[in-house]
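*Asks:*
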Amino acid sequence: MKITVNEVSSIERKIRVDFEWKAVEGHYNSTLNKLRKELKVDGFRPGKVPTDIAKRILGPKLSYEFTNAVIDSNYKDVLKEQNIDKFIDLNISGVDFETGKTFYYEMTVEFDPEIKLPDYKKGFPIKKTVYVLDKEDVDLYLEDIREHHAMVKEVSDGAQKDHYILCDLQETDVDGTPIVGRKITDRMMKVGEGIFGEPGSEALIGAKAGDEVHIQLKPKKGNKINYVVSVKRVESHDLPELTDDFIKNNFKTIDNYKTLREEVEKSLQGEWDSRTEKEYLQGITEYFVEKVTMDVPKSRINRFLDNIVEDMPAKNGGKEIDDQKLREQYRPVAEREIRWYLIQEAISKAEKIEVTKEEMDQKIQAMAEQYPKENRESILKYYRKAENRSHLENDLHEQKIFDHLKELVKVKKETINTKDFKKRNL
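In structure tokens:
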């Protein structure tokens, strides 16, 4: 046996294996004898068809099963000899033989790259932005509650400040020609707020349903903007006061304004805290993805994109999708996700991080106990399925990796008020 290896890349090898006939003759004869026993030909008893006739009749089937028998019995030994313990994709790219003389096959093998991790154990810097909730955010949320319970009346005698206008907004050039792609339909706007609070919006005062109003806004930053506002409806909103009686009637567990405000503040701060944690973990991920260079296996990318293409129609309401464009759009996402997955595997191996059966069982039990007693068994049953259990195990595994890495991070903390953050990102 002769093995010839062509290193296509750091993660791909093309291997050709050549045999002299005597090395594969046993496979050929055993395959032929097996097929002869099953062969039925008029004029011959089962299993007694002459060899030459059997070869001629069996033809392609004999070749197919013979070559498979040789390859199946040999390729693992070849990979082991080449120190390829694990592979993620293997294709037989060529096979041929001449009876009594030679036999060869070629295989292309792809495997995961060897990951060289950065020197993270001495600590590595990650920015952590902590958001402090501004009082104005709470005020706005409480105002939204009032708006949600408002008494709405249609206005027929013209819009005034604090009225609401349901309209289409068409941006135009200075000559009044509509700009293609710059139209917003069915937008509810409050007169005196947002863009309708900018200098130049005064022309909306007195507007009625059916009117087309030309306005030129003069924002503090940027150039003047021209719009045609097609008014569909004008409304007044009579907002209720957040009295204790109103709160008792509309919230099951809250009976006064002070408690309502505290609960709103707690909920909103929790959302910002979640953002802090998400960005912090993204920072850790980006640190490793940027520091570790690797060739990303094509077969992993293709499988990732196959799943995207398969799942997208259901997420897109069954609309027709351009598969090729979708693949191009998601390729960078696929590469990044696969990079991070392989890096996690390397960290897990280096740090000996694993999820035990006991940890899995405890997590599932804790999740089940969050539901009413009558629903808990269905949760436990759901996680008895191998696929669902595997997804949960992957999530716990990633969580343990992050928990370990967070102990090594040199945190660069930045605290910012949410109002200032919003101004900064206008």
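In the working numbering, the protein residues as written are 1223 to 1648. Think of the CB as a built atom: it goes at the ideal place given N, C-alpha and C, for glycine as much as any other residue.
If Ile1348 and Tyr1509 are in contact, beta carbons under 8 Å, what's the gap, nearest whole angstrom?
*Replies:* Residue 1348 sits at position 126 when you count from the first residue of the sequence shown. Residue 1509 sits at position 287 when you count from the first residue of the sequence shown. Their Cβ separation, rounded to whole angstroms, is 6 Å, which keeps Ile1348 and Tyr1509 in contact under 8 Å.
*Asks:* Whole-angstrom Cβ separation of Glu1487 and Ile1476, contact assumed at under 8 Å?
*Replies:* Here residue 1487 corresponds to residue number 265 of the sequence shown, with the count starting at 1. Here residue 1476 corresponds to residue number 254 of the sequence shown, with the count starting at 1. Incorrect: roughly 13 Å between the Cβ atoms, too far for contact.
*Asks:* Do Val1331 and Arg1235 have their beta-carbon atoms positioned less than 7 Å apart in this structure?
*Replies:* Along the sequence shown, read from residue 1 onward, the residue named residue 1235 stands at position 13. Along the sequence shown, read from residue 1 onward, the residue named residue 1331 stands at position 109. Yes, the Cβ-Cβ distance between Arg1235 and Val1331 is below 7 Å.
*Asks:* Got a sec? Which residues, its chain only, sit under 7 Å from Arg1558 by beta carbon, not counting five neighbours each side?
*Replies:* Here residue 1558 refers to the residue found at position 336 when the sequence shown is read from its first residue. For Arg1558, where only same-chain residues beyond five positions count, the Cβ hits under 7 Å are Val1511.
*Asks:* Quick one: using the 10 Å Cβ neighbour count with 16 as the cut-off for buried, is Val1518 buried or exposed?
*Replies:* Mapped onto the sequence shown, residue 1518 falls at position 296. That one is buried.
*Asks:* Could you tell me the boundaries of the beta strand (DSSP E) in which Asn1445 lies?
*Replies:* If you number the sequence shown from 1, residue 1445 lands on position 223. Per DSSP, Asn1445 belongs to no beta strand (DSSP E) and is neither H nor E.
*Asks:* What are the boundary residues of the alpha helix (DSSP H) that includes Phe1339?
*Replies:* One-based indexing of the sequence shown puts residue 1339 at position 117. The sequence given here has Leu at residue 1339, not Phe. Leu1339 -> no alpha helix (DSSP H), and no H or E assigned at all.
*Asks:* List the whole-angstrom C-beta distance separating Ala1429 from Gly1380, where the pair is believed to meet the contact cut-off of C-beta under 8 Å.
*Replies:* Position 207 of the sequence shown holds residue 1429. Position 158 of the sequence shown holds residue 1380. Their Cβ separation, rounded to whole angstroms, is 6 Å, which keeps Ala1429 and Gly1380 in contact under 8 Å.
*Asks:* Taking contact to mean 3 or more Cβ pairs, one atom from each stretch, closer than 8 Å, check whether the stretch 1616-1627 and the stretch 1574-1590 are in contact.
*Replies:* yes
*Asks:* How big is the Cα-Cα spacing for Pro1340 and Tyr1327?
*Replies:* Position 118 of the sequence shown, counting from 1, holds the residue named residue 1340. Position 105 of the sequence shown, counting from 1, holds the residue named residue 1327. Distance between the alpha carbons of Pro1340 and Tyr1327 is about 40 Å.
*Asks:* Hey, how far is the Cα of Lys1607 from the Cα of Ile1586?
*Replies:* In the sequence shown, counting from the first residue as 1, residue 1607 sits at position 385. In the sequence shown, counting from the first residue as 1, residue 1586 sits at position 364. Answer to the nearest angstrom: the Cα atoms are 12 Å apart.
*Asks:* Give me, in chain order, the residues of the same chain whose beta-carbon lies closer than 6 Å to that of Ile1447; leave out the 5 immediate sequence neighbours on both sides.
*Replies:* One-based indexing of the sequence shown puts residue 1447 at position 225. Excluding sequence neighbours, Ile1447 sits near Leu1439.
*Asks:* Starting from Gly1316, trace the beta strand (DSSP E) in both directions and tell me its first and last residue.
*Replies:* The count along the sequence shown starts at 1 and reaches residue 1316 at position 94. First-last of the beta strand (DSSP E) with Gly1316: 1311-1320.
*Asks:* Measure the alpha-carbon distance for Thr1481 versus Lys1405 and round it to whole angstroms.
*Replies:* Here residue 1481 refers to the residue found at position 259 of the sequence shown. Here residue 1405 refers to the residue found at position 183 of the sequence shown. Whole-angstrom Cα-Cα distance: 43 Å.
*Asks:* Please report the distance separating the alpha-carbon of Met1329 from that of Asp1318.
*Replies:* Sequence index remark: in the sequence shown, residue 1329 carries index 107 (1-based). Sequence index remark: in the sequence shown, residue 1318 carries index 96 (1-based). Approximately 12 Å between the Cα atoms of the pair.
*Asks:* For Val1577, which three-state DSSP category applies?
*Replies:* Looking up residue 1577 in the sequence shown gives position 355. Annotated three-state conformation of Val1577 is coil, per DSSP.
*Asks:* Apart from the five residues on each side of it in sequence, which residues of its chain come closer than 8 Å, Cβ to Cβ, to Ala1588?
*Replies:* Within the sequence shown, the letter at position 366 stands for residue 1588. Cβ within range, chain order: n/a, list empty.
*Asks:* Provide the residue(s) that pair with His1436 in DSSP beta bridges, ordered along the chain.
*Replies:* For the purposes of this step, residue 1436 is taken as the residue at position 214 of the sequence shown. DSSP lists Val1450 as the bridge partner or partners of His1436.
*Asks:* How many Å lie between Glu1542 and Pro1535 at the Cα?
*Replies:* Against the sequence shown, residue 1542 aligns to sequence position 320. Against the sequence shown, residue 1535 aligns to sequence position 313. Inter-residue distance for Glu1542 and Pro1535 is about 7 Å (C-alpha atoms, whole angstroms).
*Asks:* State the DSSP-derived secondary structure class of Leu1254, mapped to helix, strand or coil.
*Replies:* By one-based count along the sequence shown, residue 1254 stands at place 32. Leu1254 falls in the helix class under three-state DSSP.
*Asks:* Pick out whichever of Asp1334, Ser1231, Glu1369, Ile1601 has its Cα sitting closest to the Cα of Ile1523.
*Replies:* Residue 1523 sits at position 301 when you count from the first residue of the sequence shown. The shortest C-alpha separation from Ile1523 is found at Asp1334.
*Asks:* Considering Tyr1511, what are the terminal residues of the beta strand (DSSP E) in which it resides?
*Replies:* For the purposes of this step, residue 1511 is identified with residue 289 of the sequence shown, where counting begins at 1. The sequence as given places Val at residue 1511; Tyr does not occur at that position. Where Val1511 is concerned, there is no enclosing beta strand (DSSP E), although the alpha helix (DSSP H) it sits in stretches over 1479-1513.
*Asks:* Going by the DSSP bridge assignment, what does Asn1228 pair with across the sheet?
*Replies:* Mapped onto the sequence shown, residue 1228 falls at position 6. Beta-bridge pairing links Asn1228 to Lys1236.
*Asks:* To which residues does DSSP link Phe1325 through a beta bridge?
*Replies:* In the sequence shown, residue 1325 corresponds to position 103, counting from 1. The partner list for Phe1325 (beta bridge, DSSP) reads Phe1241, Phe1319.
*Asks:* Along the chain, where does the alpha helix (DSSP H) containing Arg1606 start, and where does it finish?
*Replies:* Here residue 1606 corresponds to residue number 384 of the sequence shown, with the count starting at 1. No alpha helix (DSSP H) holds Arg1606; DSSP gives it neither H nor E.
*Asks:* What does DSSP give as the partner residues of Lys1405 in its beta bridges?
*Replies:* Within the sequence shown, residue 1405 is the residue found at index 183, counting from 1. Its beta-bridge partners are Gln1392.
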